[in-house]
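To start, the structure under review is shown below, and the notes come after it.
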Amino acid sequence: MIEVKYFGAVAEKTKCEFEKLSFSEEVSLQKLLQDLNEKYAFESLTFRVAVNQKIVSKTSDYTLQTSDIVALLPPFAGG
Amino acid sequence: MNADNRYNRQIILPEIGENGQQKLAAAKVLVIGAGGLGAAILPYLASAGVGEIGIVDHDVIEVSNLQRQVIYKTDAVGKSKAKEAKVMISDLNPLVKVKAIAEKLSGKNALSLFYNYDIIVDATDNIAIKYLINDACLVANKPMVYGSIFRFQGQVSVFNYQDGPTYRCLYPEENLDTLNCEEAGVLGVSVGIIGMFQANEVLKMILGIGEVLSGKILVYDTLHNEQQKYDFDKSDFQTISREAFEEKYNKAEIEEVNFEFVLDEINKDEILFIDIRNIDESPKISFKNQIQIPLMNLEKEIERLDKNQVIYVFCQSGIRSKIAVELLQKHRFKNIKSIAGGALAMKQLLTTEINL
Numbered sequence: 001m002i003e004v005k006y007f008g009a010v011a012e013k014t015k016c017e018f019e020k021l022s023f024s025e026e027v028s029l030q031k032l033l034q035d036l037n038e039k040y041a042f043e044s045l046t047f048r049v050a051v052n053q054k055i056v057s058k059t060s061d062y063t064l065q066t067s068d069i070v071a072l073l074p075p076f077a078g079g
Numbered sequence: 001m002n003a004d005n006r007y008n009r010q011i012i013l014p015e016i017g018e019n020g021q022q023k024l025a026a027a028k029v030l031v032i033g034a035g036g037l038g039a040a041i042l043p044y045l046a047s048a049g050v051g052e053i054g055i056v057d058h059d060v061i062e063v064s065n066l067q068r069q070v071i072y073k074t075d076a077v078g079k080s081k082a083k084e085a086k087v088m089i090s091d092l093n094p095l096v097k098v099k100a101i102a103e104k105l106s107g108k109n110a111l112s113l114f115y116n117y118d119i120i121v122d123a124t125d126n127i128a129i130k131y132l133i134n135d136a137c138l139v140a141n142k143p144m145v146y147g148s149i150f151r152f153q154g155q156v157s158v159f160n161y162q163d164g165p166t167y168r169c170l171y172p173e174e175n176l177d178t179l180n181c182e183e184a185g186v187l188g189v190s191v192g193i194i195g196m197f198q199a200n201e202v203l204k205m206i207l208g209i210g211e212v213l214s215g216k217i218l219v220y221d222t223l224h225n226e227q228q229k230y231d232f233d234k235s236d237f238q239t240i241s242r243e244a245f246e247e248k249y250n251k252a253e254i255e256e257v258n259f260e261f262v263l264d265e266i267n268k269d270e271i272l273f274i275d276i277r278n279i280d281e282s283p284k285i286s287f288k289n290q291i292q293i294p295l296m297n298l299e300k301e302i303e304r305l306d307k308n309q310v311i312y313v314f315c316q317s318g319i320r321s322k323i324a325v326e327l328l329q330k331h332r333f334k335n336i337k338s339i340a341g342g343a344l345a346m347k348q349l350l351t352t353e354i355n356l
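As they're listed, the protein sequences go chains A and B.
Residue numbering for the first sequence follows this note's numbering, beginning at 1 and increasing consecutively.
Residue numbering for the second sequence follows this note's numbering, beginning at 1 and increasing consecutively.
Take a look at the structure:
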C-alpha cells in the first residue's frame, strides 16, 4: 500500500486528504502521478511532490516501495 | 523604564540571557504585510524587544479584516495598516524603533528597503509579491521568513538563509492563480498560528538557537493538529543578479498616446514627432516639428536627439514605434511616447480635423 497525501488546492480536487493505493505490480513515481492526474485532472495546478518527506522532481526515476508516503504540495497564498 | 524587568522572563532562559537580549535589541526586522500574519508576528517581535521593526503595507483597514487582524480596533477602519500597526507597537513597547512604510512593495523600493534590515518577513497574501520578496532577498542577500495559508492549512519556511534554498527552489513556476484568504476564506486562529511560527523563526535566527527551517517546509493542519516537515534542495538555477532583477521588475513601461490628444502639439518647436517608418512607406505624414528616422537607423542617429525633449514616435500602425520607444528608453530618454495606431490613425485624423 502506498499512501498519498493531498494538501491545499490539490485536496480540493481530490476531495480527500489522503488515500491508500495498492498496485499489483511495481509502479514508478511518474506512473503514479500520471494515474492521479487522469483520475483527478489536476491540469494547471502547481504542486511539488514529496516521497517520505523529501521533495523530489516529478520526473525522477523512482520505483515506489510499499509503505512509501507520497505528498502533493501546492503553494499557498493566503495571509 | 526598567528594560531588564520587562524582558526578565526570557532573559532567565539559559538559551537567551543578557547576551541574547542584546542580540534582539540590535536586530532589524522588516515585516512585509500587516494583515493576518503580520498581526500575529508584529506584537511578538515588539514585545520580545527586537530593536528595529519596519512595516510595509499600503492597505487601509477594512471591517472584514478584523476577524483575523487582531491588532486593529473597530474605530481604526479606514486608517493605514502600517501606521496603525506602528501605534500598536509603540504602545506595547516604546523601546522598539518602528518605521511605518505605507507603500506598496515594488521592484523600485524593495532593494533599498531590504538593505536596511537583517531579516525580511513575508507576511503577504499574494504569490507575485512572494516572488518579488524572494528575488529581492537574493539580490540583497537577506533571509526571507515565509508563511502562507490555505484555509485550515499553513506553510512556513526560511529561504536564502546562509546561502540555503530559496522560494524558487521550492516553487520555480510562477503560477499566479493560487487563492488568497479573501478568495478562499480563513479562520483568524489559522493565520495567527502560522504567523507565530514565523515570529518564532525570526527570534531563533536572531538568537542563534534551535534549528532554523531552512531547506525545509513545515506544513501545519489546524483541523487535525498535524504537522509535517518536508526537505527540499537548493537548485542551481534559481539565483538572480541585480541586472536580472532590474530587468524583471523595473522595466520601463511603454506609454502609448492617442494622436487626437496631441494634435495641438503639432508645429510646436519644443515637441518632436519621429516617423520611424522606412522612407518608401505611405501615407506620407509631414509637419514642421516632425522628422523621419527609419527604425534601423535610430540607434546610429540617437546623438541627434535631445534626451529631455518630449518625443512622440510613430510607425505605420503603432507596433514598431513601441520597439523604438523601448530603444530610446534604454538610452535614458525621459519623455517618449508611442502614437497608438500609427500613421494610419494619424492620417485619418489629420484629413478630417485640419487640412495640412
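Glycine included, C-beta positions come from ideal geometry on N, C-alpha and C.
Computed from a predicted structure; not experimentally measured.
Worksheet item: With distances taken from CA atoms, which of Ala77(A), Thr59(A), Val4(A) and Val27(A) is nearest Cys16(A)?
Response: Along the first sequence, read from residue 1 onward, the residue named residue 16(A) stands at position 16. Between Cys16(A) and the set Ala77(A), Thr59(A), Val4(A) and Val27(A), the nearest pair of CA atoms involves Val4(A).
Worksheet item: With a Cβ-Cβ cutoff of 7 Å, do Gln198(B) and Val145(B) count as a contact?
Response: For this step, residue 198(B) is matched to residue 198 along the second sequence. For this step, residue 145(B) is matched to residue 145 along the second sequence. Cβ distance < 7 Å, so Gln198(B) and Val145(B) count as in contact.
Practice prompt. Give the single residue among Ile129(B), Arg151(B), Asn175(B) and Asn200(B) whose Cα lies nearest to the Cα of Ser157(B).
Written response: Position 157 of the second sequence, counted from the start, is the residue given in the question as residue 157(B). Taking only the C-alpha atoms, the option nearest Ser157(B) is Asn200(B).
Worksheet item: Which residues, in chain order, does the segment 134-165 of chain B contribute to contact with chain A at a C-beta distance below 9 Å?
Response: Listed in sequence order: Gly147, Ser148, Ile149, Phe150, Arg151, Gln153, Gly154 and Gln155.
Item to complete: Mind listing, in chain order, the continuous alpha helix (DSSP H) runs of no fewer than 4 residues lying wholly within the segment 249-273 of chain B?
Response: Those alpha helix (DSSP H) runs which fall completely within the segment 249-273 of chain B and span 4+ residues do not exist here.
Worksheet entry | Residue-chain proximity (Asp125(B), chain A), Cβ-Cβ < 7 Å | In the second sequence, residue 125(B) corresponds to position 125, counting from 1. For Asp125(B), a Cβ of chain A is located within less than 7 Å of the residue's own Cβ.
Worksheet item: When the Cα atoms are used, what is the spatial distance from Glu62(B) to Val77(B)?
Response: Translated into the one-based positions of the second sequence, residue 62(B) becomes position 62. Translated into the one-based positions of the second sequence, residue 77(B) becomes position 77. Straight-line Cα distance between these residues: approximately 5 Å.
Discussion item. Check whether chain A comes within 7 Å of Asn175(B), counting only Cβ atoms and requiring the distance to be less than that.
Written reply: To locate residue 175(B), count along the second sequence from 1; it is residue 175. Output row for Asn175(B): interface = yes.
Worksheet item: Taking the continuous beta strand (DSSP E) assigned at Phe394(B), which residues delimit it?
Response: Any property of residue 394(B) remains undetermined from this structure, which presents chain B solely from 1 to 356.
Item to complete: Classify Leu356(B) as helix, strand or coil using the three-state DSSP reduction.
Response: Residue mapping note: residue 356(B) aligns to position 356 of the second sequence, counting from 1. Note on Leu356(B): pLDDT 49, under 50, position unreliable in the model; the coordinate value appears next. Reduced to three states, the DSSP call for Leu356(B) is coil.
Worksheet item: So, is Met1(A) buried or exposed, given that buried needs 16 or more other C-beta atoms within 10 angstroms?
Response: The residue you call residue 1(A) lines up with position 1 of the first sequence. Exposed, because fewer than 16 other Cβ atoms sit within 10 Å of the Cβ of Met1(A).
Worksheet item: Do Phe152(B) and Leu37(B) have their CB atoms nearer than 7 Å?
Response: Counting from one through the second sequence, the residue named residue 152(B) turns up at place 152. Counting from one through the second sequence, the residue named residue 37(B) turns up at place 37. Cβ distance not < 7 Å, so Phe152(B) and Leu37(B) don't count as in contact.
Fill in: Chain-ordered chain A contacts of Ala110(B) [CB-CB under 9 Å]
If you number the second sequence from 1, residue 110(B) lands on position 110. By Cβ distance, chain A contributes nothing, its closest Cβ being about 17 Å from Ala110(B), past 9 Å.
Practice prompt. Assess, as a yes-or-no matter, whether the segment 160-180 of chain B is touched by the segment 226-244 of chain B under the definition of 3 or more beta carbon pairs within less than 8 Å.
Written response: Judged by Cβ distances under 8 Å, the segment 226-244 of chain B makes contact with the segment 160-180 of chain B, as three or more pairs qualify.
Practice prompt. Determine the direct distance from the alpha carbon of Ile11(B) to that of Asn5(B), and round the result to whole angstroms.
Written response: Taking the second sequence and counting its residues from 1, one reaches residue 5(B) at position 5. Taking the second sequence and counting its residues from 1, one reaches residue 11(B) at position 11. Answer to the nearest angstrom: the Cα atoms are 9 Å apart.
Worksheet entry | Beta-carbon neighbours of Lys15(A), restricted to chain B and to distances below 8 Å | Indexing the first sequence from 1 puts residue 15(A) at position 15. Close to Lys15(A), with beta-carbon spacing below 8 Å, lies no residue of chain B; the smallest spacing is near 14 Å.
Practice prompt. Mind checking the segment 14-40 of chain A against chain B and listing, in chain order, the residues whose C-beta falls within less than 9 Å of any C-beta there?
Written response: Those residues of the segment 14-40 of chain A that come within reach of chain B (Cβ to Cβ, closer than 9 Å) are Glu17.
Discussion item. I want to verify the contact list: residues of chain A whose CB lies under 8 Å from the CB of Asn65(B), in sequence order.
Written reply: Locating residue 65(B) in the second sequence gives position 65, counting from the first residue. Chain-order list of chain A residues neighbouring Asn65(B): empty, with the shortest C-beta distance near 12 Å, by a criterion of under 8 Å.
Item to complete: Can you check the segment 90-148 of chain B for any beta strand (DSSP E) of at least 3 residues that lies completely inside it and give the ranges in chain order?
Response: DSSP runs (the beta strand (DSSP E)) wholly in the segment 90-148 of chain B: 97-101 and 119-122.
Worksheet item: So, is Gly54(B) buried or exposed, given that buried needs 16 or more other C-beta atoms within 10 angstroms?
Response: The residue given as residue 54(B) occupies position 54 in the second sequence. Buried.
Discussion item. Comparing C-alpha positions only, which one of Ile319(B), Ile149(B) and Leu213(B) sits nearest to Gly164(B)?
Written reply: As a position in the second sequence, residue 164(B) is number 164, starting the count at 1. Checked all of Ile319(B), Ile149(B) and Leu213(B); the closest Cα to Gly164(B) is Leu213(B).
Fill in: Complete beta strand (DSSP E) runs within the segment 30-77 of chain B (minimum length 3 residues, chain order)
Counting only runs of 3 or more, we get 52-56.
Worksheet item: Would a C-beta distance cut-off of 7 Å place Ile194(B) and Gly154(B) closer than the cut-off?
Response: For the purposes of this step, residue 194(B) is taken as the residue at position 194 of the second sequence. For the purposes of this step, residue 154(B) is taken as the residue at position 154 of the second sequence. Pairing Ile194(B) with Gly154(B) gives a Cβ-Cβ distance under 7 Å.
Item to complete: Examine chain A for any beta-carbon lying closer than 7 Å to the beta-carbon of Tyr171(B), and answer yes or no.
Response: Counting from one through the second sequence, the residue named residue 171(B) turns up at place 171. Chain A places a beta carbon closer than 7 Å to that of Tyr171(B), counting this residue as a contact.
Practice prompt. Identify which residue in Asp231(B), Leu176(B), Ser47(B) and Ile71(B) has its Cα closest to the Cα of Asn188(B).
Written response: On the second sequence, residue 188(B) is found 188 positions in, with the first residue counted as 1. The amino acid at residue 188(B) is misidentified as Asn; the sequence shows Gly. Taking Gly188(B) as reference, the option from Asp231(B), Leu176(B), Ser47(B) and Ile71(B) with the minimal CA-CA separation is Ile71(B).
Fill in: Identity of the residue in Thr63(A), Gly78(A) and Lys58(A) nearest Val27(A) by Cα
Here residue 27(A) refers to the residue found at position 27 of the first sequence. Ranked by how close their Cα comes to the Cα of Val27(A), the residues Thr63(A), Gly78(A) and Lys58(A) have Thr63(A) in first place.
Fill in: N-terminal and C-terminal residue of the alpha helix (DSSP H) that Ser338(B) is part of
For the purposes of this step, residue 338(B) is identified with residue 338 of the second sequence, where counting begins at 1. Note, Ser338(B): premise wrong, no alpha helix (DSSP H); beta strand (DSSP E) at Asn335 to Ile339.
Worksheet entry | Min CB distance Lys54(A) to chain E below 7 Å | Any reference to chain E falls outside this structure, whose protein chains are A and B.
Worksheet item: Can you pull the DSSP bridge partners for Asp221(B)?
Response: Here the question's residue 221(B) lines up with position 221 in the second sequence. According to DSSP, which records beta bridges pairwise, Asp221(B) is partnered with Gln153(B) and Glu226(B).
Fill in: Short CB-CB distance (under 7 Å) between Leu72(A) and chain B
For the purposes of this step, residue 72(A) is taken as the residue at position 72 of the first sequence. False, the Cβ-Cβ gap to chain B never drops below 7 Å.
Discussion item. Rounding to the nearest angstrom, what Cα-Cα distance links Cys137(B) and Glu43(A) in this structure?
Written reply: Locating residue 137(B) in the second sequence gives position 137, counting from the first residue. Locating residue 43(A) in the first sequence gives position 43, counting from the first residue. So the two alpha carbons sit approximately 31 Å from each other.
Discussion item. I want to know whether the segment 249-260 of chain B touches the segment 282-292 of chain B - three or more CB-CB distances under 8 Å.
Written reply: Segments in contact, no.
Practice prompt. Report the three-state DSSP secondary structure of Val14(A) (helix, strand or coil).
Written response: To locate residue 14(A), count along the first sequence from 1; it is residue 14. Note that residue 14(A) is Thr in the sequence shown, not Val. The three-state secondary structure of Thr14(A), taken from DSSP, is helix.
Item to complete: Report buried or exposed for Leu356(B), applying the criterion of at least 16 other Cβ atoms within 10 angstroms of its Cβ.
Response: Against the second sequence, residue 356(B) aligns to sequence position 356. With a pLDDT of 49 at Leu356(B), under the threshold of 50, the modelled position of that residue is not reliable, and no figure is offered here.
Item to complete: Using 10 angstroms around the beta-carbon of Asp57(B), count the other beta-carbons present and answer buried if the total reaches 16, otherwise exposed.
Response: As a first step, residue 57(B) must be located in the second sequence, where it is residue number 57. Classification for Asp57(B): buried.
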